[in-house]
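Visitor: Can you keep this structure in mind? I'll have questions shortly.
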Amino acid sequence: MKYNLLNKIILVTGASKGIGKAISIKLAENGARVMLLSRNENELEENCASLRKSGYQCIYKAVDVSNLDDLLDAVEYAKNTWGTIDGLINNAGITDDNLIVRMKPSSFNQVIDVNLKGVFNGIKSVTKPMMKNNNGRIINITSVVAHTGNKGQANYAASKAGVIGLTKSAAKELASKNITVNAIAPGYIETNMTENLNQINKEKLLDSIPLNRLGQPDDIASMVCFLLTNQAQYITGQTINIDGGMVMQ
Numbered sequence: 068m069k070y071n072l073l074n075k076i077i078l079v080t081g082a083s084k085g086i087g088k089a090i091s092i093k094l095a096e097n098g099a100r101v102m103l104l105s106r107n108e109n110e111l112e113e114n115c116a117s118l119r120k121s122g123y124q125c126i127y128k129a130v131d132v133s134n135l136d137d138l139l140d141a142v143e144y145a146k147n148t149w150g151t152i153d154g155l156i157n158n159a160g161i162t163d164d165n166l167i168v169r170m171k172p173s174s175f176n177q178v179i180d181v182n183l184k185g186v187f188n189g190i191k192s193v194t195k196p197m198m199k200n201n202n203g204r205i206i207n208i209t210s211v212v213a214h215t216g217n218k219g220q221a222n223y224a225a226s227k228a229g230v231i232g233l234t235k236s237a238a239k240e241l242a243s244k245n246i247t248v249n250a251i252a253p254g255y256i257e258t259n260m261t262e263n264l265n266q267i268n269k270e271k272l273l274d275s276i277p278l279n280r281l282g283q284p285d286d287i288a289s290m291v292c293f294l295l296t297n298q299a300q301y302i303t304g305q306t307i308n309i310d311g312g313m314v315m316q
């Protein structure tokens, strides 16, 4: 399916691998001008070179999303290159799993800084140019774990639940400027992380998913593209689960 994103200027955090990389490719394939952001400059350079080789418009910048100045600099770079900002995909995220009784405060803080504060920083960095344009799209990647919790992931679940609350608050604040803010909550998606599951754990996992299969990064990328189109202009403040039916509300 094709989405009309011709010349839309979209920033993607966590774009070096996994879901973020898939989103970036899908955006470019549908005509968007894409800025890739993550901490890994080598992977960004490689991904950007691949997109350019295919004839797509792409720039990149190494950033730490927990640092607001990094994102403000990235926004200025994109504006200086292409003139404005049309959309932001807050995808960057990390895990540092452990039971609460064993979790170090530093592990909790680091996950919150990247997964939640990083989304706040992303929204803050694009708000002024989007308000000036009286238009914009912000999409935050959360997780179904935000709804269910998960043993050994108190920090991750808390950060992703916070993203949902942040999404709703930002959506209400920015609606008058024609800026929509939505969240996507992936379930278990086939990435490097799920490749490490042993067969027993994978079978248990599949039993919990009504569609009885893992999702693909492209499933998330397709929803991102849809939310950026004019067909989604009346959708804001929503969290859309893409999980094969694992969490039904």
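Heads up: the sequence shown is residues 68 to 316, going by the numbering used here. All C-beta atoms in this analysis are idealised placements derived from N, C-alpha and C, irrespective of residue type, glycine included. The structure presented is a predicted model; accordingly, all values stated were derived computationally and were not measured.
Helix or strand or just coil, what does DSSP make of LYS184?
Guide: In the structure shown, LYS184 sits in a helix (DSSP, three-state: H, G or I).
Visitor: Taking a contact to mean a Cβ-Cβ separation below 8 Å, would you say ASN222 touches ILE179 in this structure?
Guide: Contact: yes.
Visitor: When the Cα of GLY254 is compared with those of ASN308, VAL101 and PHE293, which residue comes out closest?
Guide: Nearest of ASN308, VAL101 and PHE293 to GLY254, Cα basis: ASN308.
Visitor: Assign TYR127 to one of three DSSP states: helix, strand, or coil.
Guide: If DSSP states are grouped into helix, strand and coil, TYR127 belongs with the strands.
Visitor: For GLN266, does the count of other Cβ atoms within 10 angstroms reach 16, so buried, or fall short, so exposed?
Guide: Result: exposed.
Visitor: Reducing DSSP to helix, strand and coil, say where SER192 ends up.
Guide: Three-state DSSP puts SER192 in a helix.
Visitor: Counting only the same chain and skipping the five closest in sequence on each side, list residues whose C-beta sits under 7 Å from that of VAL181.
Guide: Same-chain partners within the cutoff: VAL132, SER133, ALA159, GLY160 and ILE161.
Visitor: With the cut-off set at 8 Å, would you say ASN176 and THR80 are in Cβ contact?
Guide: Cβ atoms of ASN176 and THR80: not closer than 8 Å.
Visitor: Would you call the region 273 to 280 and the region 296 to 314 touching, i.e. three or more CB-CB distances under 8 Å?
Guide: Contact holds: three or more Cβ-Cβ distances are below 8 Å.
Visitor: Looking at ARG106: is its Cβ nearer than 8 Å to the Cβ of ALA129?
Guide: Yes, the Cβ-Cβ distance between ARG106 and ALA129 is below 8 Å.
Visitor: From MET359 to LYS244, what distance separates their C-alpha atoms?
Guide: In the structure displayed, the chain extends from 68 to 316; residue 359 sits before or after that span and is not available.
Visitor: Helix, strand or coil for VAL132, going by three-state DSSP, please let me know.
Guide: Here VAL132 sits in coil by DSSP.
Visitor: Can you tell me the Cβ-Cβ gap for GLN305 and ASN249, rounded? I've got them flagged as a contact below 8 Å.
Guide: Confirmed, Cβ separation roughly 5 Å.
Visitor: On the three-state DSSP scale, how would you describe ASN207?
Guide: The answer is strand: DSSP assigns ASN207 an E or B state.
Visitor: By the DSSP assignment, the alpha helix (DSSP H) with ASN176 in it spans what residues?
Guide: 172 to 179 is the span of the alpha helix (DSSP H), which, as asked, contains ASN176.
Visitor: Span of the beta strand (DSSP E) holding MET102?
Guide: Start and end: 100 to 105.
Visitor: Would you report the Cα separation of CYS115 and MET102, rounded to the nearest angstrom?
Guide: Each residue's Cα considered, the two are about 9 Å apart.
Visitor: Please determine, among ASN217, LYS218, GLN220 and ILE251, the residue with the shortest C-alpha to C-alpha distance to GLY232.
Guide: It is ILE251.
Visitor: Apply the 10 Å Cβ neighbour rule to ALA288 and answer buried if 16 or more other Cβ atoms are within range, or exposed otherwise.
Guide: Classification for ALA288: buried.
Visitor: Could you tell me if SER173 is buried or exposed, where buried requires 16 or more neighbouring beta carbons within 10 angstroms of its beta carbon?
Guide: Exposed, because fewer than 16 other Cβ atoms sit within 10 Å of the Cβ of SER173.
Visitor: Which partner residues of VAL79 appear in the DSSP bridge assignment?
Guide: Paired residue(s): LEU103 and ILE156.
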